[in-house]
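**Q**
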Amino acid sequence: MDKGHEKEAFVTVKIKAATAQKFRIFCKNNAASQSMSLHQMIQFFEINGIAPADNLGDSIAKLEGKINKRTNAIIAIIKDIEKNQTKPTTAMLLSLFEEKVKQEKPTLVEKKFAKVQTDKEFIEVTVPKIRYERLEYNMKSVKKDFIYVLDNVKVVKSSFGKGYLKLELTESELVKFRRSINNY
């Protein structure tokens, strides 16, 4: 029984025998009753605004391939726009995160008004909070690593000549320290 249509009466529809046979096979293959299959077909045509006689042209698979190509082209266009045309937006976002926006220097500067910077003047630089916290964290980890290395340095006194310092680290520890230093 079809859900929601249990109390409805059956009505006959006149169709050719060959068409009826094809329709019955179609319904068996789709595991639906004949009434529900016909109902779903009508809904499909109504929802998509097409008539059964309309030619869709390409198959659905070909249309899907074309849609994928167009989608990829649109994505490429959007990425290009993000790279080349959103510089003012990027500048505003950077200023929101307290980063100074690089300002272009004027091309013509009169020499009599040009200011010579001395060593005594200091340039104030603002650093975003996130970058500052990251730098602090990196500094703490470098400090911890350096203390570990210093703790593993031993003084060896030689009976002949000067004494020397011996670093008691494994090769893997040394590689780890080199990698961490290169990452900073």
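Okay, so the sequence shown: first residue is 27 according to the working numbering, each after it adds one.
Where is the CB? At the ideal position from N, CA and C, for every residue including glycine.
#1: Starting from Leu193, trace the beta strand (DSSP E) both ways and give me its first and last residue.
#2: May I have the straight-line CA-CA distance separating Ala44 from Ile93, to the nearest angstrom?
#3: Taking only three categories from DSSP, how would you classify Lys33?
#4: Quick one: what does DSSP say Lys180 is sitting in, helix, strand or coil?
#5: Using a threshold of 9 Å, state whether the C-beta atoms of Leu195 and Val175 are closer than that.
#6: Please look up how many angstroms separate the CB atoms of Asn74 and Ser63, rounded, as I've assumed it's under 8 Å.
#7: One question on the structure: do Ser167 and Ser206 come within less than 9 Å of each other, judged by their Cβ atoms?
**A** On the basis of the data shown:
#1: What you label residue 193 is simply residue 167 of the sequence shown in a count that begins at 1. 190-193 is the span of the beta strand (DSSP E), which, as asked, contains Leu193.
#2: Against the sequence shown, residue 44 aligns to sequence position 18. Against the sequence shown, residue 93 aligns to sequence position 67. For Ala44 and Ile93, the distance between alpha carbons rounds to 37 Å.
#3: As a first step, residue 33 must be located in the sequence shown, where it is residue number 7. Correct three-state label for Lys33: coil.
#4: Looking up residue 180 in the sequence shown gives position 154. Lys180 falls in the strand class under three-state DSSP.
#5: Counted from its first residue, the sequence shown places residue 195 at position 169. Counted from its first residue, the sequence shown places residue 175 at position 149. Yes. Within cutoff.
#6: Translated into positions along the sequence shown, residue 74 becomes position 48. Translated into positions along the sequence shown, residue 63 becomes position 37. Their Cβ separation, rounded to whole angstroms, is 17 Å, which puts Asn74 and Ser63 out of contact at 8 Å.
#7: Taking the first residue of the sequence shown as 1, we reach residue 167 at position 141. Taking the first residue of the sequence shown as 1, we reach residue 206 at position 180. In contact: Ser167 and Ser206 (Cβ atoms closer than 9 Å).
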